[in-house]
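Residue numbers (the UniProt record's numbering), protein chains in the order written: chain G, 1 to 58; chain Z, 1 to 981.
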C-alpha cells in the first residue's frame, strides 16, 4: 500500500508544483527540453514503482 | 504546390482501406492472438486519447499558451499514474457488473435511470464539439492541401468510411466482449500518428533548423523575442486545465470504454500507468519543434501541424501531416461513435422503449446500435459544418472537456463517499450542466455571448470563459451533490450498490431463496421478457461462465446464476433495463425463512481479490485462510449449516467419508443431499442431547458407525447456524468386538497354560518311570517302549513349554536353537502326525524334500510349525486336494515350502495373518494361534515366512515358504544332534 501512497504524494505534489513546467518557455537560459526531461524522469519512477508493486504482490 | 482533390480523397480512402485490411487480418487470425492481446496493444489503443487535438490543436495551443499545451498530456498522464487508486477500483466494478459506460456506472451506483440518462445526454452534448474537431481538422486539411471548396464533401466521404469501419469491427455482436479487432486497429492508428508526429518534429529540427544547436541559437536569438510575446497561462488556469484533462482521460465515453470495458486485466491497466504517459510524451515532444520551425520562417503560417508542410513545400510532408491527422481523427471518431451508441441505446432508447419478447432480440439490438453509430458520426459532421467552422479547435475542445468534467464529482463520490445518493448526484449534475450549457455550450452553438452568470464576476474579467465556467459549474455541482445527499435519504438499493462500488466496501450479500427452483426454470422465466431463443442463450452463457449444469438446484449456485445473468444483460442493455428484467422475472422468494449473510459468496470474493489486499486487510485475510484451512483439513468430518439449512462447509475428511465432494454440495439445502445424510443430519440437529454415538449407516455399500456432535452458533457477533462433527467409529467398533474376542481367547490361553502346568508334573513322573523301566529290564521290546515313552514325553514337554511361553506374552521360553535339523525328516514326522487325524484321509500329501537339506534349529518346534502349516493347508483343500512339501537351498539359507490347491487366503485377513486369534475357520474349529505360533518359532530361528495366495502361475491355492539358516559345521551346539531329524 505504501507504493500507492508514494504515487498519491507524487501526483498531488506534482499537481501543485506543475506551473513550474511552463517557466522554461521563452527562457533562453533554460534548455527547451527541460519539461520533457522531468516528465521522462517521472515515467521512469513510475515504472520502478510498478516493478516494486509487482514484487510486493508476489 | 496544390495537390489534386481527387488525389487527397484517394489518399484518405487508401489509408482507411489499409485500416480495413488490418482489421480483416486480425479477424481472419492472420495476426497472432499474442500480438492482439499484448498489453502494448492496449496501451496504444488508449492512445486514442491523442485525437486530432494532439496533432493540430496542441500546436495551436502551444502558440497561444507556450508550455501550457502540455496540460493536455500531463492531465491524462496524471490520471494513469493514479491507476492503482483510481482506475483499478473502477475497473473492478465495471468488470464485475459488466458496466461498459460511465452512464452504466452511474445508473448502477445510484440505482437511478435518471442518473444514467442524464450522463448519456451530457456525454452526447459534450462529445459533439470533440467530434466536430475531428471532422473540422479533416475538412481543413483537405482545404489546405488542395484549396478546394469541396473539402466538406470529402470529409463527409471519410466520415462514411469511418462509420463503416466502426460498424464492421465494433458493432458486430453484443456490446460486452472485448473487441480485439477494433483495439488492434486503433493501436495501429496510434502507431501511425506517433510516427507522423515524430517525423514532422524531425523535419522541423533537422530540415527547417539545422539541428539542435541551430534551434538553440534561434531560441537564444530571434526566437527569444517571439517567445517573450507568447501569453502564459496563470497558475490557477493551468491547474484547472490539468484537472479537466485529468477527468477527460477516463471519463470521455470512448476512453472509458477502452480503459475499463476493453482492458484485459488489472495488470494490463497498471502497465498503462507508465506506458501511456510515455506514449503521450513522445506525442508532445515534436509540438514545440513544429511551432518554432513555423515561427522561424513566417509568422503568418497556420499554427497547426501543417506548418511543417507549408514551410517545406514538399507534398510528402503534407501527406505525412494529413495521414497523422486522419489516423488521430478516424480512431477517435470510431471509438466515440461506438461508445456513445451503446450509451444512447441503453439509457435513452431502451429506457423509452423496453425490449419485448422477440425471436430476433440480438439482431434488433445490433441493427439499432449500427444505426446509432452512423447517426453519431453524421451528427459530428453536421456539428462541424454548422458550428465547428466558426470556432477555434481550442474553444471546441475545452467546451467538450469542461462538459465531461461535470461527472467528476459523482465519480469520486461513487468510489469514496457511500453517503452520496441519487438525488444529490442528479441535482449536482443538473446544476453543473446548467452552468456549463450557459457559459460555454450555448455560446458555442449560437455563436453569441450570453449574459454572465452570477458569481463568475468573482474571477478576473480577463479570465477566459472556459476558466470561470469550469470553476463555477464544478462548485455548483459539488455543493449540490453534498448538500442534497446530506439532507435526503439513501435507499436500501443505493446503499448496497454503494457498498459494491466503494473502495473500502464491506459486501453483505444475503442468502435469499429464489422463486426459480432449478437453472432450467430460469429459461422459462426469462423467456417472458427476452423470448425463448435469447433467454436460452443467456442462461446457457451464464451457466457456462459459472461452470454449472442446467440441472443445478443449489440455492447458492442459483443466486450466482441470477447475478451473472443480470451482469450479462447489463452489458447488453444497460444496468437499468437488466435490473428491471431480473427483478421482475427472476424474483427472490420472500417467505418466513431467516435471512442471513452469504458467507460463501463473501469468501469466494475474498479469494478472488486476495492478491489485492494489503496491510491489515491482508493479515486478516491470512488469518481467515489459516482458520479455514484448519477446518478444511481437520481429520474429523465437519459440516456447517446455516439457519436456513443451507450447507456452508463440508470439509475434506467428510468428503472422503461420504464420497461427496464439498464443491458439489456447498450452497445446497440439507434435504437435497444424497441419503442417508439428510436424515442423519436431521437427527443430530433435532436431538436434545449430543453426541449421538455410533449411528449405523450404509455408505457406498459398506456399513459404518458414525458418532455425531453438534454445536449451535449463537451469540452477539454470530451469523447463526450449526456446526456438526462426524466421527467415523467403525474401526473402533470393530476393535471393540475384537477386544472382547481376544479377551475370551486370552482367558482360554491362561486356562491352557494352567492346565499345561498341571500336566507338567505327571509328564515328568511318566518320563522318570520310563527311565526307571530302562534300568529295570533288558527286554528289547520293553526298552523300545521305554524309549518311545521318553520321546513322546519330551514332545509333550516342549508343547507345554510353548503354550506357557505364549501365555507369558510371546517371550521365548526356550534358548535359541542351534542343532542340525533335516527338513525331510521333520516333514515326514509332521505328515505322520497329520495322518493320525481322520479328516486328512482324503487329501494327498507329497513330500519331495531331499535328505541333505539340514537347517539350524529345533526339530521339535519346526515339526510343530510344519504341523500347523499342513493342518491349515489340509483344511483349505477340497476332497482329493493336494498338499506338497518342497525344499531347496539358496546361499546360506534353505527354503521350505508348503503348497496347496485350496481356496486360498481371504484378502481381508491377509494383512493380519500372523496376528494372534486370526482365523477364518468356523467357531470351535480354530483358535487363530497356529500361524501366530509358527511366526514366533520361525522368528526365533532367525528365519522368515513368505505367503503367496495364489502362488505365482497358479489360479488358486496358497504357498507358504519358510526361510531358515542352513546348518554349518562350525555352529556351536550345546545340545547333541537330534537323532529324530
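All C-beta atoms, glycine included, are put in the ideal place defined by N, C-alpha and C.
Item: Taking the Cβ atom as the reference point for each residue, do residue 376 of chain Z and residue 132 of chain Z lie within a distance shorter than 8 Å?; Value: no
Item: Exposed or buried, residue 626 of chain Z, counting other C-beta atoms within 10 Å across all chains shown (16 or more means buried)?; Value: exposed
Item: May I ask which residues mark the beginning and end of the alpha helix (DSSP H) holding residue 249 of chain Z?; Value: 235 to 251
Item: Could you name the residues of the stretch 218 to 235 of chain Z whose beta carbon sits closer than 7 Å to any beta carbon of chain G, in the order they occur along the chain?; Value: 219, 220, 224, 227, 228, 230, 232, 233, 235
Item: Can you tell me the Cβ-Cβ gap for residue 705 of chain Z and residue 741 of chain Z, rounded? I've got them flagged as a contact below 8 Å.; Value: The pair is not a contact, with the Cβ atoms about 17 Å apart (cut-off 8 Å).
Item: By the DSSP assignment, the beta strand (DSSP E) with residue 849 of chain Z in it spans what residues?; Value: It is not in any beta strand (DSSP E) - residue 849 of chain Z carries neither H nor E in the DSSP assignment.
Item: Taking the DSSP output, what are the residues bridged to residue 1044 of chain Z?; Value: Residue 1044 of chain Z is absent from the model: chain Z starts at 1 and stops at 981.
Item: Around the Cβ of residue 809 of chain Z, are there at least 16 other Cβ atoms within 10 angstroms (buried) or fewer (exposed)?; Value: Unreliable positioning characterises residue 809 of chain Z in this predicted model, as indicated by a pLDDT of 49, which lies under 50. A coordinate reading is not provided.
Item: What three-state label does DSSP hand residue 367 of chain Z in the structure shown?; Value: helix
Item: Quick one: is residue 880 of chain Z buried, meaning 16 or more other Cβ sit within 10 Å of its Cβ, or exposed?; Value: exposed
Item: Mind checking if residue 43 of chain G is an interface residue toward chain Z, Cβ cutoff 8 Å exclusive?; Value: yes
Item: What does the Cβ neighbour count give for residue 140 of chain Z, buried or exposed, with the cut at 16 atoms within 10 Å?; Value: buried
Item: Closest to residue 578 of chain Z by CA distance: which of Z/529, Z/462, Z/613 is it?; Value: Z/529
Item: With a threshold of 8 Å between beta-carbons, can residue 59 of chain G be considered close to chain Z, or not?; Value: There is simply no residue 59 of chain G to check, as chain G begins at 1 and stops at 58 in what is shown.
Item: Give the secondary structure of residue 736 of chain Z by DSSP, where H, G and I count as helix, E and B as strand, and everything else as coil.; Value: helix
Item: Can you say whether residue 251 of chain Z is buried or exposed, counting buried as having 16 or more other CB atoms within 10 angstroms of its CB?; Value: buried
Item: Return the CA-CA distance between residue 125 of chain Z and residue 633 of chain Z, expressed in angstroms with no decimal places.; Value: 60 Å
Item: What in chain G is Cβ-close to residue 288 of chain Z, meaning under 7 Å?; Value: 32
Item: Please classify residue 460 of chain Z as buried or exposed, where buried requires at least 16 other C-beta atoms within 10 Å of its C-beta.; Value: exposed
Item: Using DSSP bridges, identify the partner residues of residue 726 of chain Z.; Value: Z/637, Z/708
Item: Flag this pair as yes or no: are the beta carbons of residue 851 of chain Z and residue 824 of chain Z separated by less than 8 Å?; Value: yes
Item: When DSSP labels each residue in this structure, what does residue 693 of chain Z get in the three-state scheme?; Value: strand
Item: Name, in chain order, the residues that DSSP records as bridge partners for residue 965 of chain Z.; Value: Z/893
Item: Just the Cα atoms here: how many angstroms apart are residue 714 of chain Z and residue 720 of chain Z?; Value: 6 Å
Item: With DSSP as the reference, label residue 944 of chain Z as helix, strand or coil.; Value: strand
Item: Output yes or no for whether 8 Å exceeds the beta carbon distance between residue 654 of chain Z and residue 637 of chain Z.; Value: yes
Item: Could you pull out every unbroken alpha helix (DSSP H) segment of at least 4 residues lying fully inside the stretch 408 to 475 of chain Z, listed in chain order?; Value: 408 to 416, 422 to 436, 442 to 446
Item: Going by alpha carbons, who is nearest to residue 105 of chain Z out of Z/869, Z/576, Z/351, Z/613?; Value: Z/576
Item: Anything in the stretch 26 to 47 of chain Z with a Cβ closer than 7 Å to a Cβ of chain G? List those residues in chain order, please.; Value: none
Item: On the criterion of 16 or more Cβ atoms from any shown chain inside 10 Å, does residue 941 of chain Z qualify as buried, or is it exposed?; Value: buried
Item: Is the Cβ-Cβ distance between residue 65 of chain Z and residue 283 of chain Z less than 8 Å?; Value: no
Item: Which first and last residues belong to the alpha helix (DSSP H) in which residue 988 of chain Z is found?; Value: An answer regarding residue 988 of chain Z cannot be provided, because it is not within the stretch 1 to 981 covered by chain Z.
Item: Who are the neighbours of residue 281 of chain Z on chain G, taking C-beta pairs under 8 Å?; Value: 36, 39, 40, 43
Item: Please check if any C-beta of chain G sits within less than 8 Å of the C-beta of residue 68 of chain Z.; Value: yes
Item: Three-state secondary structure (DSSP) at residue 646 of chain Z?; Value: strand
Item: Tell me the DSSP secondary structure of residue 843 of chain Z in three-state form.; Value: coil
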